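In our numbering, the protein residues as written are 1 to 264.
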């Protein structure tokens, strides 16, 4: 990982607008770009929606105040798009398309994302939307992967942010073809907060599947689970009417397990 390579990429772009989700990738990029290019040459845009965890928005606002960012929050409008709400295999394409459209309405600067080299190895429909919108990915251009992002965050003195676990949007917990609904996402977030407070797991994902509700935990936390029945009842009490009565079970965490389907 070369911080110099990243700085060379950023310096070549001129004034930029960064899409900042609140995760370690985009947050670290925002800090690096702002410190290098200055406030006049960097804008940050953060999308707020039912799919975005409140903690992510709080984190963005905290760091914006700390670093002096020019920050704007937007409703990118994906919840008004039936293509997104139907939750197809390429749901992320529609979400990112709306995000980049909202940013384009605010700024004519070059738009940047926090995608890194590791993201290129997965099926990422959002990258197709980025390509269509002319979005640049400085980490990719500088040859930086996720581990490199974390090293950069430590080098920049970002503290706990460098160790922030990955946490995709709440819609990523809903199995393909199950409709995306704000009440469902709110319940997912509430369940993950409850399980986190009860078990303090390294990883927790509440998945909504056709077969029921699956709470995925890192293997050590799953092995240490003792009060499963009481926790299951507590989880069930948080579910909205549309999910009430569905079975709740615990499984080992599998990245992207709610994604069902193949790229066309």
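Don't be surprised by glycine CBs; every beta carbon is placed ideally from N, CA and C. Just so you know, these numbers come straight off a predicted model, no measurement behind them.
Nonlocal neighbours in the same chain, by C-beta distance under 7 Å from residue i, ignoring five residues either side
i, result
"residue 78", "49, 84, 94, 95, 98"
"residue 40", "none"
"residue 259", "176"
"residue 189", "53, 170"
"residue 265", "Since the first and last residues shown for the chain are 1 and 264, residue 265 lies out of range."
"residue 147", "none"
Distance CB(residue i)-CB(residue j) smaller than 8 Å
i, j, result
"residue 74", "residue 115", "no"
"residue 126", "residue 92", "yes"
"residue 112", "residue 138", "yes"
"residue 265", "residue 178", "Nothing about residue 265 can be read from this structure; the chain reaches only from 1 to 264."
"residue 235", "residue 214", "no"
"residue 100", "residue 47", "no"
"residue 109", "residue 16", "yes"
"residue 205", "residue 173", "yes"
"residue 30", "residue 69", "yes"
Inter-residue CB distance, residue i and residue j (contact presumed, cutoff 8 Å)
i, j, result
"residue 106", "residue 45", "7 Å"
"residue 164", "residue 256", "Not confirmed; about 19 Å, so no contact."
"residue 191", "residue 238", "6 Å"
"residue 243", "residue 186", "Wrong, their Cβ atoms sit about 11 Å apart, outside the cutoff."
"residue 25", "residue 135", "About 14 Å separates the two Cβ atoms, so there is no contact after all."
"residue 219", "residue 184", "Rounded, the Cβ-Cβ distance is 27 Å, inconsistent with contact."
"residue 56", "residue 21", "6 Å"
6 Å Cβ shell around residue i - same chain, five flanking residues per side excluded
i, result
"residue 171", "51, 180"
"residue 199", "221"
"residue 264", "With a pLDDT of 42 at residue 264, under the threshold of 50, the modelled position of that residue is not reliable, and no figure is offered here."
"residue 232", "248"
"residue 65", "none"
Start and end residues, beta strand (DSSP E) containing residue i
i, result
"residue 213", "212-217"
"residue 18", "16-19"
"residue 252", "248-252"
First and last residue of the uninterrupted alpha helix (DSSP H) at residue i
i, result
"residue 27", "24-37"
"residue 112", "Where residue 112 is concerned, there is no enclosing alpha helix (DSSP H), although the beta strand (DSSP E) it sits in stretches over 110-112."
"residue 154", "146-155"
"residue 241", "Counting along the chain, residue 241 falls outside any alpha helix (DSSP H), and DSSP gives it neither H nor E."
"residue 131", "125-133"
"residue 10", "3-11"
Residues near residue i by beta carbon distance below 8 Å, same chain, minus five either side
i, result
"residue 254", "216"
"residue 152", "1, 3, 6, 28, 32, 144"
"residue 36", "7, 10, 11"
"residue 102", "45, 47, 74, 75, 76, 77"
"residue 225", "199, 217, 231, 250"
"residue 182", "50, 79"
"residue 252", "216, 217, 218, 219, 222"
"residue 202", "165, 218, 220, 221"
"residue 104", "111, 133"
Mind pulling the alpha helix (DSSP H) runs of 4 or more residues that sit fully within the stretch 163-230? 182-199, 219-224, all fully within the stretch 163-230.
Write down every uninterrupted run of the beta strand (DSSP E) in the stretch 41-109 whose length is 3 residues or greater and which is fully enclosed by it, in chain order. Within the stretch 41-109, the runs of beta strand (DSSP E) at least 3 residues long that lie entirely inside it are, in chain order, 42-47, 71-74.
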